[in-house]
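Engineer:
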Ligand SMILES: [Zn+2]
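Residue numbers (my numbering): 5 to 333.
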C-alpha cells in the first residue's frame with residue numbers, strides 16, 4: 005500500500021497543499037486563497053474540504069501517515085500558529101489539533117524556513133547530512149538549523165532566526181522593531197533598498213534609475229547585473245559581502261557541513277554565491293576555512309514549500325521509530 009503525506013504551506017496570499025510520497029513525488033497539488041475568509045473556521049473548512057477532495061481522487065490503495073504545515077509563526081511544540089503578522093487571523097490557532105481531529109493522523113506545524121530545512125534533509129541536497137543550515141531568501145530572510153540530524157527548535161520554537169541578528173546597530177529599520185537586521189540587507193526587499201541607496205549616492209548611469217521601488221524586483225536587478233549594469237553589480241557585491249560576513253559568524257555556533265541558499269536571490273547564481281563565499285572565507289575563523297560548503301538548494305521549484313511541509317511528517321515518523329528502538333534497547 006502506498007504511504008502518503010500531505011504538505012501545506014500557508015502563505016500570506018495563497019495556501020498551497022499537496023499529497024506527497026516518500027520519494028518526494030507530488031501526487032496531487034492545489035491551492036486555496038488564504039485571505040478570502042474572515043473567520044479561521046471558514047478558512048479551515050475550505051482547506052479541509054479541498055484536501056479531502058484531493059485524497060478521494062488518489063488512485064489505488066494508500067495510507068495517509070500525517071500532515072505537515074509550514075507557516076509564518078508556526079509553533080512546533082504547540083502545533084499552533086501564533087500572532088502571524090502576515091495572516092488576518094489574530095491570536096493563537098490550534099491548527100495541528102484541528103487537522104488531527106479532522107483527518108485522524110498526526111499533524112506537525114513549524115515555520116516555513118524550518119520546513120525548508122527538513123525538506124532539504126528528506127528530499128534535497130542535504131540527504132545524509134547531519135549538520136547544515138538553510139537560508140531562505142524571500143521577501144525576508146528565514147533560516148533553519150539542523151544539528152546532529154535534528155531540527156533546532158529551541159525553548160520557544162524560534163531558534164536560529166539569523167535574519168534578525170544585527171549587521172549594523174544604527175542601520176536600516178526592520179519589520180521586527182529592531183534596526184540593522186540581516187534581512188533588511190539580504191532579502192528581496194534588502195537588495196532593493198541597497199539599489200536605491202546606490203542610485204542616490206552615486207552618479208553612474210544605470211538602467212534601474214527611474215524605476216519605482218514597488219516595481220523594482222530581484223529578477224530585474226539580476227537581469228541588469230547580467231547585462232553589466234554597474235549599480236546592479238555593486239548591489240549584488242554588497243549583498244553578498246553582508247551575507248558572507250554574517251555566515252562566517254554564524255557557523256561558529258553549530259559548525260555545519262554546508263549552508264544552503266534557497267529561493268529568490270539565490271536564483272541569481274554566481275552573482276550572489278561568489279561574493280558570499282569570498283567574504284565568508286575571508287572572515288572565517290581560520291580553523292573553519294575551506295571546510296564549509298555554500299550550495300544552492302535542490303528544492304528550487306514550485307513544489308518546494310509543499311515538499312518542505314510534507315517532509316515534517318517523514319522526519320517526525322523517523323524520530324518516533326528512533327525513540328521506539330531506543331526504548332527496546
Ligand atoms: Zn529584524
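Ideal placement from N, C-alpha and C gives every residue a C-beta, glycine not left out.
Could you check if residue 185 belongs to the surroundings of ligand 1, using beta carbon to heavy atom distance under 8 Å?
Structural biologist: Here residue 185 is taken as the residue at index 181 of the chain shown, counted from 1. Indeed, a heavy atom of ligand 1 lies less than 8 Å from the Cβ.
Engineer: Here's the rule: buried if 16 or more other CB atoms are within 10 angstroms of the residue's CB, otherwise exposed. What is residue 128?
Structural biologist: Counting from one through the chain shown, the residue named residue 128 turns up at place 124. Residue 128 is buried by the Cβ-count criterion.
Engineer: Report yes or no: is there a C-beta of chain D within less than 9 Å of the C-beta of residue 49?
Structural biologist: Protein chains in the displayed structure number just one, and chain D is not present.
Engineer: Put residue 190 into one of helix, strand or coil per three-state DSSP.
Structural biologist: Locating residue 190 in the chain shown gives position 186, where the first residue counts as 1. Residue 190 falls in the coil class under three-state DSSP.
Engineer: Considering just the uninterrupted stretch of the alpha helix (DSSP H) at residue 27, what are its terminal residues?
Structural biologist: On the chain shown, position 23 is the one that residue 27 refers to. Element bounds for residue 27: n/a, residue is neither H nor E.
Engineer: Here's the rule: buried if 16 or more other CB atoms are within 10 angstroms of the residue's CB, otherwise exposed. What is residue 112?
Structural biologist: Within the chain shown, the letter at position 108 stands for residue 112. With 16 or more Cβ atoms within 10 Å of its Cβ, residue 112 is classed as buried.
Engineer: I'd like the list of long-range same chain contacts for residue 287, defined as Cβ closer than 8 Å, with 5 residues on each side in sequence excluded.
Structural biologist: One-based indexing of the chain shown puts residue 287 at position 283. Closer than 8 Å at Cβ, skipping near neighbours: 248, 249, 252 and 253.
Engineer: Are the beta-carbon atoms belonging to residue 22 and residue 311 less than 9 Å from one another?
Structural biologist: Taking the first residue of the chain shown as position 1, residue 22 is located at position 18. Taking the first residue of the chain shown as position 1, residue 311 is located at position 307. Taking 9 Å as the Cβ cut-off, residue 22 and residue 311 qualify as a contacting pair.
Engineer: Taking 8 Å as the cut-off, is the C-beta of residue 77 nearer than that to any heavy atom in ligand 1?
Structural biologist: To locate residue 77, count along the chain shown from 1; it is residue 73. Checking every heavy atom of ligand 1 against the Cβ of residue 77, none is found closer than 8 Å.
Engineer: Is the stretch 225-238 in contact with the stretch 258-275, if contact means three or more CB pairs nearer than 8 Å?
Structural biologist: As far as the Cβ criterion goes, the stretch 225-238 touches the stretch 258-275, which means the pair count is three or higher.
Engineer: Using 8 Å as the threshold, is the stretch 90-98 in touch with the stretch 284-304, meaning 3 or more CB pairs across them?
Structural biologist: In short, these stretches do not touch, since the Cβ pair count stays below three.
Engineer: Under 8 Å by Cβ, that's how I've got residue 19 and residue 51 pegged, so tell me the actual separation to the nearest angstrom.
Structural biologist: To locate residue 19, count along the chain shown from 1; it is residue 15. To locate residue 51, count along the chain shown from 1; it is residue 47. Right, the Cβ-Cβ distance comes to about 6 Å (below 8 Å), so this counts as a contact.
Engineer: State the Cα-Cα distance for the pair residue 60 and residue 304, rounded to the nearest angstrom.
Structural biologist: In the chain shown, counting from the first residue as 1, residue 60 sits at position 56. In the chain shown, counting from the first residue as 1, residue 304 sits at position 300. Straight-line Cα distance between these residues: approximately 29 Å.
Engineer: Would you call residue 43 buried or exposed, if buried means 16 or more other Cβ atoms sit within 10 Å of its Cβ?
Structural biologist: Counting from 1 along the chain shown, the entry for residue 43 is found at position 39. Exposed, because fewer than 16 other Cβ atoms sit within 10 Å of the Cβ of residue 43.
Engineer: For residue 17, is the classification buried or exposed, using 16 other Cβ atoms within 10 angstroms of its Cβ as the cut-off for buried?
Structural biologist: As a working note, residue 17 is residue 13 in the chain shown. Flag for residue 17 reads exposed.
Engineer: Identify every run of the alpha helix (DSSP H) within the stretch 68-151, keeping only runs that are complete inside it and at least 4 residues long; order them along the chain.
Structural biologist: With a minimum length of 4 residues, the continuous alpha helix (DSSP H) runs that stay inside the stretch 68-151 are 99-107 and 116-126.
Engineer: Is the stretch 257-265 close to the stretch 221-229, with three or more CB pairs under 8 Å?
Structural biologist: Segments in contact, no.
Engineer: Expressed to the nearest angstrom, what Euclidean distance is found between the alpha-carbon atoms of residue 340 and residue 183?
Structural biologist: What the structure shows of the chain is the stretch from 5 to 333, and residue 340 is not part of that stretch, so it cannot be assessed.
Engineer: Below 8 Å, how does it come out for the stretch 60-77 and the stretch 94-114: are there three or more Cβ pairs, yes or no?
Structural biologist: At 8 Å Cβ cutoff, the stretches touch.
Engineer: Less than 8 Å separating the Cβ of residue 167 from some heavy atom of ligand 1?
Structural biologist: Along the chain shown, one-based indexing puts residue 167 at 163. Under cutoff, so the answer is yes.
Engineer: From the DSSP output, read off the bridge partner residues of residue 22.
Structural biologist: Residue 22 sits at position 18 when you count from the first residue of the chain shown. Residue 22 is bridged to 11 and 33.
Engineer: For residue 124, which of 143, 242, 154 and 95 has the nearest alpha-carbon?
Structural biologist: What you label residue 124 is simply residue 120 of the chain shown in a count that begins at 1. The option with the nearest alpha carbon to residue 124 is 154.
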